[in-house]
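Residue numbers (our numbering), protein chains in the order written: chain A, 45 to 462; chain B, 6 to 313. Just so you know, even glycine gets a beta-carbon here, dropped at the ideal spot from N, CA and C. All values reported here derive from a predicted model rather than from experimental measurement.
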């Protein structure tokens with residue numbers, strides 16, 4: 045046991061003290077949050093000063109005046125070009141020229157029959173769909189409704205009540221009631237599934253190099269005179285796994301520390317959205333549990349492959365089949381997230397090699413029953429034992445082999461006969 | 006009774022046998038190495054030396070046969086009392102020298118603190134003190150070899166196994182290694198080393214075992230082996246002559262000659278007495294400045310046995 049501890053210590057300290065570890069611990073969350081916050085920051089600027097919209101109204105001007113006064117355009121970013129204002133008449137063509145001259149980003153065109161059901165058009169240059177659907181559309185609808193309401197002779201308060209935007213929330217039916225925030229849950233499921241794929245791949249692939257280290261540095265015989273191959277392999281796996289746990293913990297702490305800043309600093313606007321994600325402790329524990337099982341599973345496979353190589357270059361060439369297996373669940377993730385309770389999603393998420401990524405996604409979406417959790421972990425454990433058994437046999441024989449790369453029948457013979 | 010006997014043995018091999026496919030690497034080898042001796046394991050390339058060593062250390066398993074190390078089959082605790090310097094040796098290049106040595110001793114069950122103390126002392130002694138916190142890859146090849154020696158003896162093993170230890174060493178490191186080996190022997194350790202270097206074997210070994218084509222062909226103390234060879238007529242005569250040495254071409258007397266710097270080493274044919282060579286020299290009328298009947302060198306014995 046002490047010998048295994050010595051190997052764990054060497055693998056762990058060697059990695060944790062490296063420059064790579066420190067840099068990636070700080071940099072990774074910064075980059076990830078930055079990558080999340082950037083589009084959000086951009087999006088929050090979209091209807092801002094950058095977008096100036098003209099309004100062309102052939103229906104008399106009431107709708108246009110209403111639109112210009114309502115939020116979010118009350119700050120004057122919307123310019124009304126009254127159709128009947130004396131002198132030159134603005135036309136679709138003249139506003140089109142303004143767009144082309146980049147004086148405005150686009151314009152809304154109200155036809156003369158807008159109150160009788162005519163179609164409103166938006167002419168724009170490079171303006172995102174989310175702006176048109178999410179911001180402009182509701183504002184236009186509300187402006188038309190208000191004008192209609194006024195025509196019916198309603199008081200301003202009545203008008204207000206009639207035209208308010210109704211919020212619609214999705215609630216998924218569960219046995220003990222309903223699960224809210226389903227839209228955010230989909231986002232969370234995507235993020236977490238992808239994150240667990242990243243960290244599992246990151247650390248299990250380290251086992252590839254770790255397994256070939258003794259061979260490539262020619263230390264293998266010295267080490268094997270002190271320790272048995274399975275002890276060496278176990279120590280390495282635990283050591284690298286501990287590095288993974290340390291780094292994930294550090295990342296979580298960094299994010300938790302940064303969360304309180306979310307409200308205050310606008311640069312951290314992305315975090316505001318992180319804080320609203322429905323991630324409970326149960327999800328967090330599941331994430332860490334599945335990270336560990338996924339790491340042992342894939343790490344064992346990478347180690348077996350690494351053991352077959354004599355140096356790192358060779359190991360890189362041999363890793364392909366394993367990496368393919370790691371990537372598959374990410375490719376089929378959309379199927380699972382679209383219908384987390386479906387039988388396809390359920391069966392796929394039970395396949396041990398896919399479980400870490402797919403089951404986590406199903407769980408976050410509420411698609412996995414609680415009784416599935418212990419079963420899935422049992423399956424993970426069995427798969428890990430199988431991989432460890434096969435890997436241990438390959439490792440023991442392959443450690444002393446150098447030069448000639450073993451053939452597949454040879455490997456099968458090692459596994460059979462040890 | 007076997008237990009009592011094997012108590013005095015550092016290594017006891019009983020009928021160990023190993024085959025790779027159809028090739029026999031070690032064939033039913035029996036061998037014993039008494040404690041506190043330096044034993045040379047000789048043999049041509051491919052004779053089975055490294056396989057034998059790996060079987061002793063349980064790095065590979067024998068197909069059959071029994072191995073006892075320091076009085077019992079190899080266990081974790083006996084493993085901790087063995088130091089091994091393999092032929093193919095390396096160090097983790099990214100580790101710091103002191104940390105690496107502490108790790109190696111840690112694997113042998115030495116506490117990290119004690120290991121650090123001993124390693125520091127060893128590094129000072131071999132003039133590597135300033136390199137303790139440097140990465141291995143920053144060291145020269147010669148320095149790395151010294152670090153390897155330290156790693157082999159840091160845990161003060163009772164049995165040292167060295168596979169071709171002198172290969173690739175510069176003369177200074179050969180000297181240092183020889184010093185370490187004799188010191189370890191005086192400390193009470195048993196040393197088994199394989200080598201091609203007969204000169205080193207002759208200088209260091211008390212006992213010699215030679216294997217050839219997977220089998221043992223020679224075993225005993227160096228003295229006994231030399232006496233045996235002498236009795237078998239394997240002796241050489243060192244001659245220094247003035248005048249022609251044409252008489253040395255007499256194939257009836259002489260097997261082969263080997264001119265050396267100041268003299269000629271002559272190997273007689275079987276059954277020929279040194280006296281007869283001296284007579285031939287006198288008859289040839291040359292002046293004999295040196296006529297020395299010498300025991301055969303280990304090199305001679307090795308070559309003769311290897312050619313048989």
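Bounding residues of the alpha helix (DSSP H) (the contiguous stretch that carries residue i)
i                     : result
residue 111 (chain B) : 102-112
residue 17 (chain B)  : It is not in any alpha helix (DSSP H) - residue 17 (chain B) instead sits in the beta strand (DSSP E) that spans 14-25.
residue 421 (chain A) : 416-442
residue 215 (chain B) : Premise fails: residue 215 (chain B) lies in the beta strand (DSSP E), 212-217, not in any alpha helix (DSSP H).
residue 137 (chain A) : 136-144
residue 122 (chain B) : 117-130
residue 113 (chain A) : 106-113
residue 285 (chain A) : 273-302
For residue j and residue i, the rounded distance between their alpha carbons
i                     : j                     : result
residue 260 (chain A) : residue 355 (chain A) : 5 Å
residue 181 (chain A) : residue 192 (chain A) : 17 Å
residue 332 (chain A) : residue 72 (chain B)  : 46 Å
residue 369 (chain A) : residue 398 (chain A) : 8 Å
residue 88 (chain B)  : residue 147 (chain B) : 20 Å
residue 381 (chain A) : residue 388 (chain A) : 11 Å
residue 208 (chain A) : residue 194 (chain A) : 14 Å
residue 91 (chain A)  : residue 179 (chain A) : For residue 91 (chain A), the predicted structure reports a pLDDT of 47, less than 50, and the residue's modelled location is therefore unreliable. A value from the coordinates is still provided. When rounded, the distance between both Cα atoms is 8 Å.
residue 307 (chain B) : residue 122 (chain B) : 43 Å
residue 233 (chain B) : residue 445 (chain A) : 40 Å
residue 175 (chain A) : residue 168 (chain A) : 11 Å
residue 243 (chain B) : residue 255 (chain B) : 17 Å
residue 302 (chain A) : residue 294 (chain A) : 12 Å
residue 56 (chain A)  : residue 56 (chain B)  : 33 Å
residue 22 (chain B)  : residue 64 (chain B)  : 15 Å
residue 166 (chain B) : residue 262 (chain B) : 36 Å
residue 70 (chain A)  : residue 291 (chain A) : 10 Å
residue 46 (chain A)  : residue 284 (chain A) : 17 Å
residue 156 (chain B) : residue 178 (chain B) : 15 Å
residue 361 (chain A) : residue 194 (chain B) : 46 Å
Contacting residues, own chain, Cβ-Cβ under 7 Å from residue i (five flanking each side not counted)
i                     : result
residue 252 (chain B) : 285, 286 and 289
residue 282 (chain A) : 52
residue 295 (chain B) : 243, 244, 245 and 268
residue 230 (chain B) : 213, 223 and 306
Per-residue contacts from residue i into chain A (C-beta, under 8 Å)
i                     : result
residue 65 (chain B)  : 444
residue 87 (chain B)  : 269
residue 73 (chain B)  : In chain order: nothing, as chain A lies at least about 17 Å away.
residue 100 (chain B) : 54 and 58
Cβ neighbours of residue i in the same chain (closer than 6 Å, five flanking residues each side left out)
i                     : result
residue 152 (chain A) : 99 and 166
residue 160 (chain B) : 110, 113 and 115
residue 142 (chain A) : 148
residue 128 (chain A) : Only weak support is given to the placement of residue 128 (chain A): the predicted model assigns it a pLDDT of 47, under 50, and the question is left unresolved by the model.
residue 43 (chain B)  : 190, 196, 209, 210 and 211
residue 348 (chain A) : 435 and 438
residue 344 (chain A) : 431, 432 and 435
residue 49 (chain B)  : 311
The beta strand (DSSP E) enclosing residue i, as first and last residue numbers
i                     : result
residue 145 (chain B) : First-last for residue 145 (chain B): undefined, no H or E at that position.
residue 29 (chain B)  : 28-39
residue 339 (chain A) : Taken as a continuous stretch (DSSP letters only), residue 339 (chain A) belongs to no beta strand (DSSP E), being part of the alpha helix (DSSP H) at 325-352.
residue 299 (chain B) : 292-299
residue 226 (chain B) : 220-226
residue 407 (chain A) : Unbroken run through residue 407 (chain A) is the alpha helix (DSSP H), 399-408; no beta strand (DSSP E).
residue 69 (chain B)  : 69-74
residue 55 (chain A)  : No beta strand (DSSP E) contains residue 55 (chain A), which is instead part of the alpha helix (DSSP H) from 46-60.
Beta-carbon proximity list for residue i, same chain, < 8 Å, skipping 5 on both sides
i                     : result
residue 13 (chain B)  : 39 and 40
residue 131 (chain A) : Model confidence at residue 131 (chain A) stands at a pLDDT of 46, short of 50, so the residue's coordinates are unreliable; what they give is reported in the following sentence. Cβ neighbours of residue 131 (chain A) beyond the five flanking positions: none.
residue 310 (chain B) : 215, 217, 222 and 223
residue 202 (chain A) : 193
residue 287 (chain A) : 55, 56, 59, 60, 65, 247 and 250
Under 8 Å by beta carbon: chain B residues contacting residue i
i                    : result
residue 46 (chain A) : 111 and 114
Residues that residue i contacts on chain B, provided the C-beta gap is smaller than 7 Å
i                    : result
residue 50 (chain A) : 108, 111 and 112
Partner residues on chain A for residue i, Cβ-Cβ distance less than 9 Å
i                    : result
residue 97 (chain B) : 54, 58, 257, 258, 261 and 263
residue 62 (chain B) : 265, 268 and 269
Residue i beta carbon near the ligand GDP (any heavy atom closer than 7 Å)
i                     : result
residue 229 (chain A) : Among the components modelled here there is no ligand, and therefore nothing to report on the ligand GDP.
Closer than 7 Å at the beta carbon, the chain A residues around residue i
i                     : result
residue 170 (chain B) : Here the premise fails: no neighbours, minimum Cβ distance about 13 Å.
task: Pull out every residue of the segment 250-269 of chain A whose Cβ sits closer than 9 Å to any Cβ of chain B, in chain order.
output: Listed by position, the residues of the segment 250-269 of chain A near chain B (Cβ gap below 9 Å) are 257, 258, 260, 261, 262, 263, 264, 265, 266, 267, 268 and 269.
Residues from the segment 174-202 of chain B in contact with chain A, defined by Cβ distance under 9 Å: none
task: Please name the residues in the segment 132-154 of chain B whose beta-carbon is closer than 7 Å to at least one beta-carbon of chain A, in chain order.
output: none
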